[in-house]
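Residue numbers for the sequence shown follow my numbering, so the first one is 30 and each next one is one higher.
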Amino acid sequence: MDANAVRDRLLKRREELRQRASEASADLRHEADPLSADFAEQVTQRENDDVLGAISHSAQEELQQVEAALRRLASGRYSTCAVCGEDIEPERLDAVPYTDRCRSCAEGGRAARGRGARN
Ligand SMILES: [Zn+2]
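Written as structure tokens, this is what we have:
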């Protein structure tokens, strides 16, 4: 595994996510698009806000995972499963560079307590 390449990839992803989260929250504050006086139009805007809120939320969630992956990378635990301590499959890290658990732990759901059972 090339730690530098992984770090570059994670840093790039972190930038994308930061941008996506900040764009979504700027839209949510209606900086460029004030709420309409028209009620029907407001309903549409608020539905759009729900979507934006979900985008912002998921970007922030992934951002935290990317940050955690960068910390694991720095401490040399990047490819170690946080649940069982085995090595995480390289192809899994390639597909989900911020994952902290191996495939069987991610699928087994034994990691469900604590930090959510996603990945
Ligand atoms: Zn595991």
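A virtual CB, placed ideally from N, CA and C, is assigned to each residue, including glycine.
Alpha carbon of residue i to alpha carbon of residue j, nearest angstrom
i: Leu-64; j: Ala-103; result: 45 Å
i: Leu-39; j: Phe-68; result: 43 Å
i: Glu-96; j: Asn-33; result: 15 Å
i: Thr-109; j: Ala-53; result: 33 Å
i: Leu-81; j: Glu-90; result: 14 Å
i: Ala-66; j: Glu-45; result: 34 Å
i: Asp-129; j: Tyr-107; result: 7 Å
i: His-86; j: Arg-101; result: 23 Å
i: Arg-75; j: Arg-43; result: 28 Å
i: His-59; j: Gln-48; result: 16 Å
i: Gln-94; j: Ala-55; result: 22 Å
Residue i CB to nearest heavy atom of ligand 1 below 8 Å
i: Val-112; result: yes
i: Arg-130; result: yes
i: Ser-87; result: no
i: Ser-133; result: yes
i: Ile-84; result: no
i: Glu-115; result: yes
Residue i, DSSP secondary structure in three states
i: Asp-31; result: coil
i: Arg-47; result: helix
i: Arg-36; result: helix
i: Arg-42; result: helix
i: Ala-141; result: Since pLDDT at Ala-141 reaches only 49, below the 50 mark, its modelled position is unreliable, and the value read off the structure follows with that caveat. Reduced to three states, the DSSP call for Ala-141 is coil.
From the options, residue whose alpha carbon lies closest to that of residue i
i: Val-112; options: Arg-132, Gln-94, Arg-121; result: Arg-132
i: Ala-50; options: Leu-92, Asp-31, Ala-61, Asp-62; result: Leu-92
i: Val-35; options: Ser-85, Thr-73, Asp-62, Gly-105; result: Gly-105
i: Met-30; options: Arg-47, Leu-57, Glu-136, Glu-120; result: Glu-120
i: Asp-78; options: Ala-98, Glu-70, Leu-57; result: Leu-57
- Message: Going residue by residue through the stretch 60–133, where are the continuous alpha helix (DSSP H) segments of at least 4 residues, counting only ones entirely within it?
- Response: 68–103, 119–124
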